[in-house]
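*Asks:* Order-wise, the sequence lines are chains A and B. Each residue of the first sequence is one higher than the last, beginning at 0 in numbering that gives the first Met the number 0. Each residue of the second sequence is one higher than the last, beginning at 0 in numbering that gives the first Met the number 0. Using N, Cα and C, we set each Cβ at its ideal position, and we do this for glycine too. I'd like to ask you about the structure that follows.
Number of protein chains: 2
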Amino acid sequence: MKARVHIHPKPGVLDPQGKAIGNALKGLGFAGIGDVRQGKLIELDLADSDPAAARARVEDMCRQLLANPVIEDYAIEID
Amino acid sequence: MKARVHIHPKPGVLDPQGKAIGNALKGLGFAGIGDVRQGKLIELDLADSDPAAARARVEDMCRQLLANPVIEDYAIEID
C-alpha cells in the first residue's frame with residue numbers, strides 16, 4: 000500500500016523558497032505568475048492492507064515527524 | 000488558475016532525505032515501512048484562463064527551472 004503526504008506552508012506563513020522560485024520564473028520571462036508556494040511530497044510504502052488503518056498511522060507520522068503543524072498543513076492520499 | 004507540480008526523484012536515484020525519514024520513522028516505533036521518497040510540491044497561481052495553455056506553460060517552467068529531468072520526474076495538475 001502506498002501513501003503520499005503533501006505538506007505545504009499554511010496560508011499567511013512566509014515562504015521564502017516559493018518567493019525565490021516565483022522571482023526566478025519571472026526572470027526567465029514567464030509572465031502572469033501570482034503566488035508561488037513550495038511544499039514537500041513524501042511517498043511511503045506501507046505493509047498495511049487496510050486503507051483506514053494506514054491513513055490513521057500516516058496521520059500519526061505526520062503529527063510526530065513529517066509535518067510541523069504550527070506552520071504547515073498536510074494532506075494524505077492512500078492508494 | 001492554480002497549478003500544482005509534483006516533483007520526485009526517479010526510481011533508482013538515491014534519495015538520502017527519504018532514507019533519513021524512513022529511519023527516523025522506524026526509530027519512533029513505526030513498523031512495516033518500506034521505501035520512503037521525498038519530493039517537492041510547488042503550487043503556482045497563474046493568470047492563464049485556458050487549462051491547456053497553462054499546462055504547456057508549466058511544462059516549460061518544469062523543463063527550464065522547477066525540475067532536474069536527469070534525476071527527477073514531475074507531474075502537473077491544473078485546477
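#1: With 8 Å as the threshold, decide whether the Cβ of Glu71/A is near any Cβ in chain B.
#2: Alpha carbons only, please: which of Asp14/B, Glu76/B, His7/B and Ala19/B is nearest the one belonging to Ala51/B?
#3: Could you tell me how far apart the beta carbons of Arg36/B and Gly17/B are, in whole angstroms, since I believe they sit closer than 8 Å?
#4: Count Cβ pairs between the segment 60-76 of chain A and the segment 38-53 of chain B that sit closer than 8 Å; are there 3 or more?
#5: On the premise that Glu42/B lies in contact with Lys1/B, defined as a C-beta separation below 8 Å, what is that separation, rounded to the nearest angstrom?
#6: Can you name, in chain order, every residue of its own chain whose Cβ lies under 8 Å from the Cβ of Lys38/B, other than the five neighbours on each side?
#7: Any heavy atom of the ligand NAD closer than 7 Å to the CB of Arg62/B?
#8: Helix, strand or coil for Val35/A per DSSP?
#9: Give the DSSP-derived three-state secondary structure of Pro15/A in the structure shown.
#10: Using a Cβ-Cβ cutoff of less than 7 Å, which residues in the same chain neighbour Ala66/A once the five nearest sequence positions on both sides are dropped?
#11: Residue range of the alpha helix (DSSP H) that Val57/A falls in?
#12: Taking all protein chains shown into account, do 16 or more other C-beta atoms lie within 10 angstroms of the C-beta of Asp14/B, making it buried, or fewer, making it exposed?
*Replies:* Taking the definition as stated:
#1: Not an interface residue.
#2: From the listed residues Asp14/B, Glu76/B, His7/B and Ala19/B, the smallest Cα separation to Ala51/B is found for Glu76/B.
#3: Indeed, because the Cβ distance is near 4 Å, the residues count as touching under 8 Å.
#4: Segment contact: the segment 60-76 of chain A against the segment 38-53 of chain B, fewer than three CB-CB distances shorter than 8 Å; contact not assigned.
#5: Beta-carbon to beta-carbon, Lys1/B and Glu42/B are separated by about 7 Å, close enough to satisfy the 8 Å threshold.
#6: The amino acid at residue 38/B is misidentified as Lys; the sequence shows Gly. So the list reads His5, Ile6, His7, Pro8 and Glu71, once near-sequence residues are dropped.
#7: Ligands displayed in this structure: none; no statement on the ligand NAD is therefore possible.
#8: The answer is strand: DSSP assigns Val35/A an E or B state.
#9: Reduced to three states, the DSSP call for Pro15/A is helix.
#10: Excluding residues within five positions, the ones whose Cβ falls inside 7 Å are Ile6 and Tyr73.
#11: First-last of the alpha helix (DSSP H) with Val57/A: Pro50 to Met60.
#12: With 16 or more Cβ atoms within 10 Å of its Cβ, Asp14/B is classed as buried.
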